[in-house]
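Peer 1:
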Amino acid sequence: MKKYKKYVVAAALLIISFGYIFISNETGVARIFVNLLTFAGIYGLAAIGINVHFGWTGLLNFGHAAFMGIGAYTTILLIPHALGREGVVVENGLPLPLAVILGMLAAALLGLLLGLPTLRLRGDYLAIVTIAAAEIFRLLIRDFEDITGGVYGVIQFSDSLQNMRPNFITNLATSIDVSSSQLWVGIITWTLIICVLIILSRLQKSPWGRALRAVREDEDAVRALGKNAVWLKLQSFMLGASIGGLSGILLAFNYGTLQSSTFVPVLTFYIWAALILGGVGSLGGPALGAVIFWVIISGTDSLAEFFFDNANGQQLAGVRFVFVGILIMFTMIFTPSGILGKKEELLLEIK
Amino acid sequence: MIEQLGNGLLLGLIVAIASVSLSLLYGVTRIVNFAHGEIIALGAVLALFFSSSPSSNFLYLDRYSPLGSSFIVSSIVSIFLCGIFGAILELCLFRPLRRYNYGNVAVLVITIGLSIFLRHIYLLFASARPASYPLDLQKRQDYFGVQLTPRNVQVLIIGSLVMILVGLFLSYTKTGKAMRAVRDSSELASVSGINSDYIITLTWIFSSMLAGFTGIIQGVINNVRWNMGFLILLLIFAGSILGGIGTSFGAMFGGFIIGMLVQLSVGLSFMDGHTEAKNAIALALMIIILLIRPQGIFGSKERIS
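So the sequence lines, in the order shown, correspond to chains A and B. Counting with my numbering, you get residues 337 to 687 for the letters of the first sequence. Counting with my numbering, you get residues -10 to 294 for the letters of the second sequence.
1. Assuming contact is defined by CB atoms lying nearer than 8 Å, are residue 450 of chain A and residue 436 of chain A in contact in what I supplied?
2. If you count every other CB in all the chains shown that lies within 10 Å of the CB of residue 482 of chain A, and 16 or more means buried, which is it?
3. What does a CB cutoff of less than 7 Å around residue 16 of chain B pick up in its chain, not counting 5 residues either side in sequence?
4. How about residue 519 of chain A and residue 378 of chain A: do their beta carbons lie closer than 8 Å?
5. Taking a cut of 8 Å between CB atoms, which residues from the segment 213 to 228 of chain B lie near chain A?
6. Give the DSSP-derived three-state secondary structure of residue 186 of chain B in the structure shown.
7. Taking all protein chains shown into account, decide if residue 198 of chain B is buried (16 or more other Cβ within 10 angstroms of its Cβ) or exposed.
8. Could you check if residue 348 of chain A is buried or exposed, using at least 16 other CB atoms within 10 Å of its CB as the buried criterion?
9. Applying a beta-carbon distance threshold of less than 9 Å, which residues of chain B neighbour residue 574 of chain A?
10. Just curious, the alpha helix (DSSP H) that residue 408 of chain A is in, first and last residue?
11. Along the chain, where does the alpha helix (DSSP H) that runs through residue 479 of chain A open and close?
12. So residue 661 of chain A contacts chain B; which residues on that side make the cut at Cβ distance below 9 Å?
13. Measure from the C-beta of residue 476 of chain A to each C-beta in chain B and report whether the shortest distance is under 8 Å.
14. Go to residue 126 of chain B, then tell me how far its alpha helix (DSSP H) extends in each direction, as first and last residue.
15. Quick one: is residue 622 of chain A buried, meaning 16 or more other Cβ sit within 10 Å of its Cβ, or exposed?
16. Does the CB of residue 454 of chain A have a neighbour CB from chain B at under 8 Å?
17. Could you tell me the distance, in whole angstroms, from the CA atom of residue 649 of chain A to the CA atom of residue 639 of chain A?
18. Does DSSP put residue 115 of chain B in a helix, a strand or coil?
19. For residue 613 of chain A, which option in A:643, A:562 and A:661 has the closest C-alpha, if you only look at C-alpha atoms?
20. Assuming the contact rule is C-beta atoms closer than 8 Å, residue -3 of chain B and residue 253 of chain B should be a hit. Round their C-beta distance to whole Å, please.
21. With DSSP collapsed to three states, give me the class of residue 234 of chain B.
22. Give the C-beta separation of residue 522 of chain A and residue 373 of chain A to the nearest angstrom, bearing in mind that I take them to be a contact with Cβ-Cβ under 8 Å.
23. Near residue 295 of chain B, which residues of its chain fall below 6 Å by C-beta distance, leaving aside the five closest residues on each side in sequence?
24. Among B:98, B:103 and B:118, which one has its Cα closest to the Cα of residue 459 of chain A?
25. Taking residue 409 of chain A as the reference, give the member of A:393, A:467, A:493 and A:375 with the closest Cα.
26. According to DSSP, is residue 224 of chain B helix, strand or coil?
27. Could you tell me the alpha carbon to alpha carbon distance between residue 287 of chain B and residue 232 of chain B, rounded to whole angstroms?
28. Quickly, what does DSSP pair residue 135 of chain B with across the bridge? List them, please.
29. Does any C-beta atom of chain A lie closer than 8 Å to the C-beta of residue 30 of chain B?
30. My understanding is that residue 272 of chain B touches residue 223 of chain B, with C-beta atoms under 8 Å, so please give their C-beta distance in whole angstroms.
31. Using the rule of at least 16 other Cβ atoms within 10 Å of the residue's Cβ for burial, across every protein chain shown, is residue 160 of chain B buried or exposed?
32. I'd like the span of the beta strand (DSSP E) that includes residue 419 of chain A, first residue to last.
33. Using a Cβ-Cβ cutoff of less than 7 Å, which residues in the same chain neighbour residue 216 of chain B once the five nearest sequence positions on both sides are dropped?
34. Is the separation between the beta-carbon of residue 536 of chain A and that of residue 619 of chain A shorter than 8 Å?
35. Are any of the Cβ atoms in chain A nearer than 8 Å to that of residue 5 of chain B?
36. Identify the continuous alpha helix (DSSP H) that holds residue 332 of chain A and give its terminal residues.
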C-alpha cells in the first residue's frame, strides 16, 4: 500500500490543480488548459533532460537555458524564417524534421564542449560553469545581430510546423474555441514526452543506465570495474542536453518568435523548480512537476491582484518569482525527493 | 583601452572585495552561496531607502528618511543591517540545515531559491528602473593619466583601506585566525578549542557586511538596480575561481583581475558594438582557468579533488 501512496498523492494534486482552474475561470477554460498544458509539457520535457543529468548521473546542470537556446536557434535558422530588425526573409531551408535533428545534435555538441573540461571537477564547479556558459551563450546571441537577429529575434518560422497540422486538429480547435496552432504544439509536445519517456525507461534498465546510476553512487567503484566514468558522464550530459534542445525548439514554436531574452538564467531555475517538485530521479516526475508548477504559477497571478490594485506586469512577475523561490526552498527543505522521487535515489552530497 | 583604466580600477575593486567575502564564506561554511549577490544588492537598496528623498520613485514605500538623508550615516546603518541579515540567515536557515545534515547539493539548491526569492522581493518594493543616490554629479578629472571623478577616487581609497583592514583582520586578530583555522579543517579547529558554530556565525556577519559595503560602492559608482546582485554574482564567481575559491588573498587578486579585464575589454577593437559581451570574456576566462588550473592561481589542490 505504501508503494502506491505517492501515486495517490500525485493524482490528488492533479485533480485539485485542475479543479482549481475550473472553479477560478468561468470562461475560456479550454483556452487556459491548452496554454497551461503546452507550457507545462515543454518545461516538463526540459526537466526530463535535467533529470538525466542530475537524477541519473548526479551532474549539477544550471545552464539548461543554453542547451534549449542552441537547439532552438539551430533549428529555426535552418528552416524558412525572417530575421532581425528589418525582417530579412530567408525562404529556403531544410525540411523541419532534419532541422530538429540537427538542433538536437547542436545541443549535444555544446554539452560535449562544456562537459569535456568540467566533468572531471567536483559537482559545484559544474554548476557555476554551466550557469556561466548559459550567460555567455545568451550575451553572444544578443550581440551578434547579423546571425541571430539579436534583440529583434527571429520571426515567421511557424509555418514549417503548422503546415503539417492535420485538419481534424484545426476542427477540434475551432469547436472548443482554442488557438489551433497552440493545440498542435501542445499535442506534439506531449507525444514527444511519451516517446522520450519510453526510450528513457528502456535506457534506464539497460546496462548503460545502471552504469550511470553507479557513477552517481560511487565513481571510484565504476572506475575499478574498468568503466570510463568521465565518458559515461559525458554521454549522459549530451543525452540530457539534446532533450533540452528539443524542448527549446518546441518553446520557440509555442511563442511563434525566437528571442535571446527567452533564454535567461531564470528559465533554468523554473525548470529546476518543476523537476524538484515532481521528484528527482523518477521517470514521469518532471512532467508531473511541470504541470503542478504551472498551476501554482497561474495561481500566483490572482494572489498578486490581491496584494496590489491593478497589478502591473512587473508586480505580477515579482509575486510569481517570489513564489518560485519559496517553492524551490521549501520543497528542498521539507520533501527533497518531491512527489514521485525516491529518497535513496537522490544525490545530495557532492563527492 | 587606456580611457577604461579608471573604470577598470573601480570594477576591479568591487569584484575583489565581493570575491573575498564570497570566498571566505565558502571556505568556512562550504556553501556555494548563490544568494550572495542578493546580500550585495540588499546593502545598496537599504542605503538608498534610508538616504533618498521621498520623491524618488525607486521605492514604492512612503518614507520619512529617518536618518535625515545623510548618505554616510545611511551607508553605515545599511552595512550593519546586512550583517544582522547574515546572522539571521545563519541562525534561522543554514544552522538548522547543518544540524539535520543536509547535503551540500541540497543547500546549493536552497541558496538558489533564496536568491530568486530575495531578488524579486526587491523588485516588488522597488521599481525596475535603476536609481541613484542623492549625491551631486561630478566631472571626471585627470589623476596621473587616469580619468576619474573625485568621488571615484574617494571610493578607491576607502575600498583599498577596507581591503587592507580585511587582510590585517584575517592575518592577525584571534577571530580572523580562528576563521582561517575552521576553513582549513573544522575538525582540527574544534579539537583546539574553537567553537566552530560561533565562528561560522561571525563569518556570516562579516561576509554579509563586506557584501553590503560592496553593494553600496557599486551603487555609488553606477546605480542601484533590483537585479544588480545577479549581474555581479557571476563575475564574483569568476574572480574567486581565478584566484582560488576558499582563499582570501587569492580571491582578492582574482577578483581584481576579473574586474579590470571586463572593463578594459570594452576598449578592444573587436569589441566595437558588442558592449554586452564584456561579461562573456570574464566568464570564458573562468572556464579556461578551470580547464588548465582548476584550483585557481593561489588555491591548493586538495580543495577541488
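Where is the CB? At the ideal position from N, CA and C, for every residue including glycine.
Peer 2: This is what the structure gives:
1. As a first step, residue 450 of chain A is located in the first sequence; it is residue number 114 there, counting from the start. As a first step, residue 436 of chain A is located in the first sequence; it is residue number 100 there, counting from the start. No, these two residues do not count as a Cβ contact at 8 Å.
2. As a working mapping, residue 482 of chain A is identified with position 146 in the first sequence. With fewer than 16 other Cβ atoms within 10 Å, it is exposed.
3. As a first step, residue 16 of chain B is located in the second sequence; it is residue number 27 there, counting from the start. 172 and 235.
4. Position 183 of the first sequence holds residue 519 of chain A. Position 42 of the first sequence holds residue 378 of chain A. No, the Cβ-Cβ distance between residue 519 of chain A and residue 378 of chain A is not below 8 Å.
5. 219, 223, 226 and 227
6. Looking up residue 186 of chain B in the second sequence gives position 197. The answer is helix: DSSP assigns residue 186 of chain B an H, G or I state.
7. What you label residue 198 of chain B is simply residue 209 of the second sequence in a count that begins at 1. Result: buried.
8. Taking the first sequence and counting its residues from 1, the one referred to as residue 348 of chain A is at position 12. So residue 348 of chain A ends up on the exposed side.
9. By 1-based counting over the first sequence, the position of residue 574 of chain A is 238. Result: empty, since nearest Cβ-Cβ is about 18 Å, beyond 9 Å.
10. Indexing the first sequence from 1 puts residue 408 of chain A at position 72. That run of the alpha helix (DSSP H) goes 400 to 414.
11. Here residue 479 of chain A refers to the residue found at position 143 when the first sequence is read from its first residue. Here the alpha helix (DSSP H) through residue 479 of chain A covers 459 to 479.
12. Numbered from its first residue, the first sequence carries residue 661 of chain A at position 325. Residues of chain B passing the Cβ test: 101, 102, 103, 104, 105, 106, 107, 108, 109 and 110.
13. As a first step, residue 476 of chain A is located in the first sequence; it is residue number 140 there, counting from the start. True, the Cβ-Cβ gap to chain B drops below 8 Å.
14. Within the second sequence, the letter at position 137 stands for residue 126 of chain B. First-last for residue 126 of chain B: undefined, no H or E at that position.
15. Reading the first sequence from its first residue, position 286 is the one you call residue 622 of chain A. By the 10 Å Cβ count, residue 622 of chain A comes out buried.
16. The residue labelled residue 454 of chain A in the question sits at position 118 within the first sequence. True, the Cβ-Cβ gap to chain B drops below 8 Å.
17. To locate residue 649 of chain A, count along the first sequence from 1; it is residue 313. To locate residue 639 of chain A, count along the first sequence from 1; it is residue 303. The straight-line gap from Cα to Cα measures roughly 13 Å.
18. In the second sequence, residue 115 of chain B corresponds to position 126, counting from 1. Strand at residue 115 of chain B.
19. Your numbering for residue 613 of chain A matches position 277 in the first sequence. The residue with the shortest Cα to Cα distance from residue 613 of chain A is A:661.
20. Within the second sequence, residue -3 of chain B is the residue found at index 8, counting from 1. Within the second sequence, residue 253 of chain B is the residue found at index 264, counting from 1. Sure, about 5 Å apart at Cβ, within 8 Å.
21. Looking up residue 234 of chain B in the second sequence gives position 245. Here residue 234 of chain B sits in coil by DSSP.
22. Translated into positions along the first sequence, residue 522 of chain A becomes position 186. Translated into positions along the first sequence, residue 373 of chain A becomes position 37. Right, the Cβ-Cβ distance comes to about 6 Å (below 8 Å), so this counts as a contact.
23. Residue 295 of chain B is absent from the structure shown; chain B starts at -10 and stops at 294.
24. Numbered from its first residue, the first sequence carries residue 459 of chain A at position 123. If we check each option's Cα against that of residue 459 of chain A, B:98 comes out closest.
25. Numbered from its first residue, the first sequence carries residue 409 of chain A at position 73. Of A:393, A:467, A:493 and A:375, the residue nearest in Cα terms is A:493.
26. For this step, residue 224 of chain B is matched to residue 235 along the second sequence. Here residue 224 of chain B sits in helix by DSSP.
27. On the second sequence, position 298 is the one that residue 287 of chain B refers to. On the second sequence, position 243 is the one that residue 232 of chain B refers to. Residue 287 of chain B and residue 232 of chain B: Cα-Cα distance of roughly 6 Å.
28. As a position in the second sequence, residue 135 of chain B is number 146, starting the count at 1. Paired residues: B:132.
29. Taking the second sequence and counting its residues from 1, one reaches residue 30 of chain B at position 41. No - not a single Cβ of chain A is within 8 Å of the one on residue 30 of chain B.
30. If you number the second sequence from 1, residue 272 of chain B lands on position 283. If you number the second sequence from 1, residue 223 of chain B lands on position 234. The pair is a contact, with the Cβ atoms about 6 Å apart (cut-off 8 Å).
31. Here residue 160 of chain B refers to the residue found at position 171 when the second sequence is read from its first residue. Its Cβ having fewer than 16 others within 10 Å, residue 160 of chain B is exposed.
32. On the first sequence, residue 419 of chain A is found 83 positions in, with the first residue counted as 1. Start and end: 417 to 419.
33. Position 227 of the second sequence holds residue 216 of chain B. Cβ within range, chain order: 108.
34. Residue 536 of chain A sits at position 200 when you count from the first residue of the first sequence. Residue 619 of chain A sits at position 283 when you count from the first residue of the first sequence. It is a contact, given that the beta carbons lie within the stated cut-off.
35. Residue 5 of chain B sits at position 16 when you count from the first residue of the second sequence. Not closer than 8 Å to any Cβ of chain A, the Cβ of residue 5 of chain B fails to qualify, so no.
36. A query on residue 332 of chain A cannot be resolved here, the shown segment of chain A reaching from 337 to 687 and no further.
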